[in-house]
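Notes for the one structure printed next.
Residue numbers (my numbering): 1 to 270.
Dropping the structure here:
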């Protein structure tokens, strides 16, 4: 968390408050939040720059700036972004504060301190290892099959591998494989073309629905205004261990694959 739908929701909802605004002050409250360049170099790079857009690549948020730099934020497990009024007080989990020319401020909060902030001239510095976007129409079932060919790792692990496809995390990998009726333990290279085509189709459906629902709020994820997402209400298997499968009534089971908790129906997913 957050995964592609949550990051996409954040990017969309920040546009109104950020695009066109100029950064007038920067406060780094925990230096290790800044991954690149150093914390001391961030303020001169950001102050005076206009935010030209809010975009997403995989699980990364991208804020292109006037002057050619891009502010890149990876929220990791517990990161949150909130646009607040000048009266708001940053708490102990607020590690970066950007003050805008509107008087409002962007708070980057991160309870677990895993999130990272980058300011780079070339986003490829950070993103070059990412695979294709799963919602990009250029990604065909045949191309997905080529990326899985010969792979012995479980399909669940391959969906989580950001070099295979970008943006899918633990929640939506489980939901995608349930929707595709695929056992998450099966080696990716053993899947037939019709099965890969199913994964391709339902991936788009599951992620699109989750974006429509503004993501899944299970623990720490909040939208920029503080509201929760609603997609958790649609989850069929994720964190439903022991509950009946909505299709067949079999109890959902939990196993560990690649050190990640994995939930599936042993009857429906083959």
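C-beta atoms are modelled at their ideal positions from N, C-alpha and C, and glycine is treated no differently. If you're wondering where the values come from, they're calculated on a predicted model, not measured in any experiment.
Could you say which of the options lies nearest to residue i if we only look at CA atoms?
i: residue 18; options: 156, 136, 248, 107; result: 107
i: residue 138; options: 118, 204, 5, 244; result: 204
i: residue 206; options: 173, 122, 121, 227; result: 173
i: residue 171; options: 210, 152, 61; result: 210
i: residue 35; options: 194, 48, 126, 27; result: 126
i: residue 72; options: 182, 42, 192; result: 42
i: residue 272; options: 168, 249, 192, 182; result: Here the chain has residues from 1 to 270 only, and residue 272 is not among them.
i: residue 190; options: 37, 77, 128, 150; result: 150
i: residue 134; options: 256, 104, 176, 47; result: 176
i: residue 274; options: 242, 40, 252, 4; result: The structure shown does not extend to residue 274, since the chain is modelled only from 1 to 270, so the question has no answer here.
i: residue 25; options: 129, 182, 166, 105; result: 105
i: residue 260; options: 86, 98, 129, 157; result: 157
i: residue 45; options: 117, 195, 130, 270; result: 117
i: residue 128; options: 77, 119, 155, 163; result: 163
i: residue 256; options: 208, 212, 193, 185; result: 185
i: residue 121; options: 155, 132, 37, 178; result: 37
i: residue 60; options: 16, 193, 15, 4; result: 4
i: residue 99; options: 77, 13, 48; result: 48
Check the DSSP bridge columns for residue i and list the partner residues they point to.
i: residue 27; result: 97
i: residue 299; result: The question about residue 299 has no answer here: the residues shown for the chain are numbered 1 through 270.
i: residue 261; result: 256
i: residue 22; result: 50
i: residue 154; result: 187
i: residue 244; result: 251
Identify, in the order they occur along the chain, each residue of the same chain with its Cβ nearer than 7 angstroms to the Cβ of residue i, setting aside the five sequence neighbours on each side.
i: residue 62; result: 55, 56, 70, 72, 123
i: residue 214; result: 9, 223, 229, 230
i: residue 197; result: 141
i: residue 148; result: 158, 188, 189, 191, 196
Closer than 6 angstroms by C-beta to residue i: which residues in its own chain qualify, once you throw out the five before and the five after it? Chain order, please.
i: residue 22; result: 50, 101
i: residue 267; result: 248, 250
i: residue 79; result: 110, 115
i: residue 2; result: 75, 221
i: residue 201; result: none
i: residue 103; result: 86
i: residue 64; result: 52, 53, 70
i: residue 130; result: 58, 162, 166
i: residue 199; result: 180
i: residue 14; result: 54, 224
Quick one: residues in its chain with C-beta nearer than 8 angstroms to the C-beta of residue i, no 5 flanking neighbours on either side, listed in chain order?
i: residue 252; result: 237, 240, 241, 242, 243, 244, 245, 263, 264, 265
i: residue 153; result: 161, 187, 188, 258
i: residue 218; result: 1, 171, 232, 239
i: residue 113; result: 30, 32, 33, 95
i: residue 226; result: 82
i: residue 270; result: 181, 182, 183
i: residue 254; result: 241, 261, 262, 263
i: residue 136; result: none
Within the 8 angstroms Cβ cut-off, does residue i reach chain B?
i: residue 57; result: You won't find chain B in this structure, because it holds only one protein chain.
- request: Spell out a yes or no on whether the region 230-237 and the region 89-103 are touching, meaning 3 or more CB-CB pairs, one atom from each, closer than 8 angstroms.
  value: no
- prompt: Can you give, in chain order, each stretch of the alpha helix (DSSP H) that sits fully within the region 163-240 and has at least 4 residues?
  reply: 170-179, 193-212
field: 3-residue-minimum beta strand (DSSP E) runs that sit fully inside the region 34-109, ordered along the chain
entry: 34-36, 55-57, 60-64, 70-74, 79-84, 94-100
- request: State whether the region 65-82 contacts the region 135-149, with contact taken as three or more CB pairs (one from each stretch) at a distance under 8 angstroms.
  value: no
Unbroken stretches of the alpha helix (DSSP H), 4 residues or longer, contained in the region 115-152: 124-127, 141-148
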